[in-house]
Each structure stands twice: as C-alpha cells, then as structure tokens.
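> Residue numbers (this note's numbering), protein chains in the order written: chain P, 1 to 93; chain S, 1001 to 1098; chain Y, 2001 to 2306; chain Z, 3001 to 3100. Quick one: this structure, given as structure tokens, is what I'll be asking you about.
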Amino acid sequence: MAEFHYFAALAILASTAISLWRTLKGPTRADRMMGTLLVGTGGVAILVLLFLIHGQSGVLDVALLLALLAAFAAVGFVKSVSPDGAGDPEEEG
Amino acid sequence: MSIFTLTGAALVGIGMYGMITSRHLLRQILAFNIIGSGIFLLLGALGRNGESDPVPHALIITGIVVALSATALAVMLALRLHEDTGDTTLPNGHDGDG
Amino acid sequence: MNIGAVFDLLLCLLILVVAVGAVGGRLLFTNVSLFVVFGLLLALGWVRLDAVDVALAEAAIGAGLTGVLLLGAVARLENTGSGPVRLSPIPALLCLTIAVGIGGAFLRVNDAGPRLEPMVRANLGEAGVDNPVTAVLLNFRSYDTLLEAVVLLIALVGVWSLTRDACWRQTPGIRQHARPDGILANFGRLLAPFGLIVGIYLVWAGSEAPGGAFQGGTVLAAAWLLAVMAGLAMPPTTADTRLRWVLVAGPLLFLLAGIYGMTQGAFLGWPPGMAATLILAIEFGLALSIAATLALLVLGAPRRVS
Amino acid sequence: MMAAYASAVLIALGLIFFLAGTLGLLRFPDAHSRLHALTKADNLGLGFIVAGAAVQAGDVWTVLKLLLIWILALIASTTVAQLIARSAAPRNIGGEGGGG
C-alpha cells in the first residue's frame, strides 16, 4: 500500500511541477498566481499522502497549517496586484 | 539521506551565485534566504542514520525565525532606500574606492 | 531504487530548479512566487527528513509570512529597472567549487561524529515535556530561545527606527483597505478565527507533539495579519503602551522564570516538579509576543501612501 | 481489506483530477477558463485524496482534521478564485512586468 501512496505523491508532485510552467510563462499576473496556488493545493495533498506513509499525526498538522497559510499567502498575492499593494480587487478606483 | 545533503550544498552555491550576480536588493535578499535554507538542510540531514536528532531541529527552528526577522529588516531598509533615492540597488562599490 | 527514493529525488530536483528560478528569473513577481513555492517544497523535504517540527515552522514562515512580506515589497519596488540576470562564468565556477566542497565535506562526516540524540532521550524524563524538540528549545537550550526572542524584538526596533519623524505614532505599514462586506472582508471574517484556533492548538500541542510557541505564534500572526489585510482590524500605533507590553511579555516572563530558577539552583534551570507548568506558561507568553512581533515585522515601519 | 481498496480507488480518482487541473492550466486559452479548470480540479482532487485517507483513518480526530483541511482548501480556493478573476478583469490585464 505504501508503494501506491508513494506513487500517488510522486504523480502529484510531477503534475504540480509542470503547472509551475504557468508561474514562469504567465502571461498575466493571474496566471502566475494560479500556477503557485495549484502547487499549494498539491502540497497539501502530498502531505496527506505522506501522513499515510509515515503514520505520524504531526504530518497531518503540517497539512492543516499549509492549507491555512496557503490561503493567507493567496491574499498576499491578490493584494500585491492592487495599485498601492494594500488594496482589494473589488474596490473601485 | 545524502541526497538532501547534496541539495543543501547546491542551494548554498545557487544562493551565493545570486548574491554575487544580481544587483537588485530584493533578489539579493531572496538569495540570502536560499543560502540560509541550504545551510539548514545540511544541518538537518547531517548524521541521519537512526532516530532523528532533536538538537539540530531546535537550532533550525530558531534559525528560520531569525532569518525571517533579518529578512524583514533588510526588506524595510530596501524600501526606505527606494523611497529616498528611487534606487533598488546599492551604489557601485568602485565609485568611492580609495 | 525504491519509489520513496524516487520521490525524494524529484523533490530535491524541484527544490533546486525553483531556487534557480527564484534568484535568476526575469520578473520580481516570478522570483517571489517561486520563493513561496520553494518554502512549501522545503516543508515537504523536512517531513521526509522526519523533522515535523521544522516542517511546521518552514510551512508557516517560509511559505506564509515571508511570502506576504516579500509580495508587499514587490508591489512597491516593481516599477524599477532590474536588468536581466546574465550567466557570468567566473562567479558560477566559484560557487560551483564552494558547493562541491561543502557537499563533499558534509558527506564525509555524515556517518561519523557524536550525536546528541541519546543525551536528549536520556534526560527527557526530567524535561517536563514529551516532545524532544520542545525540551531542547525550552529546557536544555533555553538560553538560545530566550536570546532569540530578544533578537526578534531588536529586529523590530531596527525596522521601526526606519520610520520618518512625520509618520511616527501612526499605525505600522501602509494603510490596508478592502471593500467592506466584499469577498475579501468575508474571507477574513471566516479564516481569522480559524487561524486563532489552529495557532492556540499548535502551542498547546507543542508539549507532547510537533508544534510550540514559534509555530503557533506564527499562525497567530498570520491570523491577525489576515484580519488587518481584509480591512477588519486596525493595527495599534507604534506608540501604543499596551502593544509594547504585549511585545515584551514573553521575553519578560521567560526572564522572570529564569531568575526564579536561579533561586532554586541555576539560571533558566527548571526544578523538575515545576518544569511542565513553567514551560507551558512560557510557551503561551512567548507565542503571544512572537505573534505580535512577527506580524509587526511583516507590516513594517509606518509609511504614508505616496 | 475493503477499506484499503476503497481508499486506493478514491486516491486514484484524486490523481486524475489533479492531472486534469494541470492540463487545463497549461492548455486552456485564457486566464478565466484556466481559473475555472483549476479550481474545479484541485478542489475535487484534494477532496478525493482526503476521502481516501479518511476511510483508512483509525480515529475520529483524524477524520475531523482531514475534513477540516478539505473545507479550508475549499473556502480558500473559491474565494481566491473570485478575487483572481477580479484582478484578471480586462482593466487589469496589462499588469505584466513593469506596467501599472
């Protein structure tokens, strides 16, 4: 079973690696962000699989923390695109 | 786990290269952080042939937090320099060479 | 070659590729994006190295707080020319030599040398906590941790000292704003309390499982920053007395506990019966101060929007 | 044994969605359709993998934590997708490089 979990983790890692192409190539900032965000979700999924492999409950805490901090970083990404770097894309002007 | 040792060593090299060749302060800050991460990895992968060793782990956690505070200070210095002079690079060394 | 080793190999390769992109990429925004990915991948690496405590710290700080700090800076530095990074052979050769030298040296000592792990395990019974990393941080090597908490404060003093006179006594950083009741504001309302719970849980768990004041404090900082970024909370001004007490509370409590230890035998030496209580009290005090300090470090010196 | 098979099937489904997400991100023609593909795929992909782990879990606490991880990712990606869609709206599309 561990073999299969490793295989799954490997496949997700490879697929997120490929999605980094979007971060590199763009063309818009939104595309670059999407590439990064997919790596974040992929990282959480890999951690869940590593939890099954290693069997330590702490690994699940890392997954939880990463899910939370990825959301936080995503807000940072979105804000950095606004004109003064502190705004909200929903605001007018 | 020698692969992580090699990765750590390579990260130190990559970070140093970035530090030497890029003039933009923000890239230099990134490079500095990559050197730091490489050193943490060298330390964390050291002598891993049995139980994992809590002493280097504690040191690395301390190091990560200190790296963040140093990064914050460096970023704020760069921002202030940019506000005052409009530059994002340090003045060239051999201008005032004496 | 088993499949676990293949996973580690791909992970390490990716870490290196992302690091190259973070220093060599043409756009600052891409550099910083890749640096966030770099932190995330390193956290996976720490899990593979059986260092879950470190993985927590790296995920929270490397991929979270540092990312937001740098993204804020990118937004302000973006328009400036930065010149393409070119490959220069001499520095490249120099760095390659150094990397090969370090790698070789570390590979030679990897299997040798005394290890401290048996000593930690032998004394864990008297440490007051079951998590060996917390035992090292807050008992066996508590000097380091006390001084580290002070280093954080000094860094904040450094950042604040960059404030212009006209901006002093204002709120740190530039004013964050968001549409009231917009998506971002509601996101903050939902996520910030969640971060608060996870942060407190991590501090609490640190005694027996991976976690502790640094990881928990970082999550608390992120939760508060999220509320600030979503326009829900206003940071206190740099002159706020209550804020200053929060900043020094952790180190002060640590120091007082250390002096109490001195009356019982040694500075920062916890009497075995008291160790668990003292460590838990210090953990919560430190987590509060670390959270406030880290969040203020990310926000930076008070600035006016130009 | 049943649980192990169910888990494997769920994880395999999760994999397919992750791969589909990556494919969409690379192949779709514009930012908005890429965003659409991405959020669907990574939510479901993570959901199936979390479900695959949950059917193997030994205690309620683990299941609860797994569920929490998925809900968190779900809320985050939905919100962030909307915000990114706003920032990718036509008036901001020129935000590449030194512009803006």
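The beta carbon of each residue, even a glycine, is placed where N, CA and C say it ideally should be.
#1: In the structure shown, what three-state DSSP assignment does H54 (chain P) receive?
#2: Indicate the three-state DSSP secondary structure (helix, strand or coil) for T1089 (chain S) in the structure shown.
#3: Just checking: is the beta-carbon of L1090 (chain S) within a distance shorter than 9 Å of some beta-carbon in chain Y?
#4: Relative to the alpha-carbon of T2171 (chain Y), which residue among Y:V2017, Y:P2210, Y:G2300 and Y:I2282 has its alpha-carbon at the smallest distance?
#5: Give the secondary structure of H2177 (chain Y) by DSSP, where H, G and I count as helix, E and B as strand, and everything else as coil.
#6: How many Å lie between L1090 (chain S) and A2055 (chain Y) at the Cα?
#7: Between H54 (chain P) and chain Z, is the shortest Cβ-Cβ distance under 9 Å, so that the two count as touching?
#8: From the beta carbon of A3008 (chain Z), is the nearest beta carbon of chain Y less than 9 Å away?
#9: When you check each C-beta in the segment 25-52 of chain P against every C-beta of chain Z, which residues fall closer than 8 Å?
#10: At what residues does the alpha helix (DSSP H) containing P2251 (chain Y) begin and finish?
#11: Which residue wins for smallest C-alpha separation from T2237 (chain Y), given the options Y:L2225, Y:F2106, Y:P2251 and Y:G2173?
#12: Ends of the alpha helix (DSSP H) at R2048 (chain Y)?
#13: Give the interface partners of A86 (chain P) over in chain Z, defined as CB-CB distance under 8 Å, in chain order.
#14: Can you tell me whether K3065 (chain Z) is buried or exposed, with buried defined as 16 or more other CB within 10 angstroms of its CB?
#15: Do the segment 2089-2109 of chain Y and the segment 2006-2017 of chain Y touch if we need at least three Cβ pairs shorter than 8 Å?
#16: Residues of chain S with CB closer than 7 Å to the CB of F2106 (chain Y), please, in chain order.
#17: Excluding the five sequence neighbours on either side, which residues of its own chain have a C-beta within less than 7 Å of the C-beta of W3070 (chain Z), listed in chain order?
#18: For T1071 (chain S), go through chain Y and note every residue whose CB falls closer than 9 Å to its CB, in chain order.
#19: What's the C-alpha gap between P3029 (chain Z) and G2188 (chain Y)?
#20: Please list, in chain order, all residues of the same chain as L50 (chain P) whose beta carbon is under 6 Å from its beta carbon, the five residues on each side excluded.
#21: Do we get a CB-CB distance below 9 Å when we pair L3083 (chain Z) with the residues of chain Y?
#22: When you compare the CB of K3065 (chain Z) with every CB in chain P, is at least one pair closer than 9 Å?
#23: Mind checking if A2292 (chain Y) is an interface residue toward chain S, Cβ cutoff 9 Å exclusive?
#24: Measure the C-alpha to C-alpha separation of S2088 (chain Y) and H3032 (chain Z) and round it to an integer number of angstroms.
#25: Here's a check: name, in chain order, each residue in its chain whose Cβ is nearer than 8 Å to the Cβ of A1078 (chain S), leaving out the five neighbours to either side.
#26: For the structure I just gave you, are there three or more beta carbon pairs, one from the segment 2288-2295 of chain Y and one from the segment 2201-2217 of chain Y, closer than 8 Å?
#27: Could you please tell me which residues of the segment 3-17 of chain P, in chain order, have their CB closer than 8 Å to any CB of chain Z?
#28: Suppose you measure from the CA of L1043 (chain S) to the CA of Y2201 (chain Y); what does that come to, to the nearest Å?
#29: Would G1018 (chain S) and V2150 (chain Y) qualify as a contact pair, given that the criterion is a beta-carbon distance under 9 Å?
#30: Please report the Cβ distance between G1013 (chain S) and A1045 (chain S), rounded to the nearest whole angstrom; I am assuming they are in contact, meaning their Cβ atoms lie under 8 Å.
#31: Taking Cβ-Cβ distances below 8 Å as the criterion, which residues of the segment 2189-2221 of chain Y are in contact with chain P?
#32: Could you tell me the distance, in whole angstroms, from the CA atom of A3085 (chain Z) to the CA atom of T3022 (chain Z)?
#33: Are the CB atoms of L1073 (chain S) and A2155 (chain Y) within a distance shorter than 9 Å?
#34: Can you pull the DSSP bridge partners for H1024 (chain S)?
#35: Do G2231 (chain Y) and A2178 (chain Y) have their beta-carbon atoms positioned less than 9 Å apart in this structure?
Reading from the atomic positions:
#1: helix
#2: strand
#3: no
#4: Y:G2300
#5: coil
#6: 34 Å
#7: no
#8: no
#9: G26, P27, T28, R29, A30, D31, M33, M34, G35, L37, L38, T41, G42, V44, A45, V48, L49, F51 and L52
#10: T2241 to Q2264
#11: Y:G2173
#12: L2028 to R2048
#13: Within chain Z, no residue comes near A86 (chain P); the closest Cβ sits about 14 Å away, beyond 8 Å.
#14: buried
#15: no
#16: T1005, A1009, L1042 and L1046
#17: L3046, G3047 and V3050
#18: T2066, L2069, L2070 and L2297
#19: 32 Å
#20: V59
#21: yes
#22: yes
#23: no
#24: 40 Å
#25: L1025, L1026, I1029 and T1088
#26: yes
#27: F4, H5, A8, A11, I12, S15 and T16
#28: 28 Å
#29: no
#30: The Cβ separation is near 16 Å, so there is no contact.
#31: L2191, F2194, G2195, V2198, L2202, A2205, A2209, P2210, G2211, Q2215 and V2219
#32: 18 Å
#33: yes
#34: S:T1089
#35: yes
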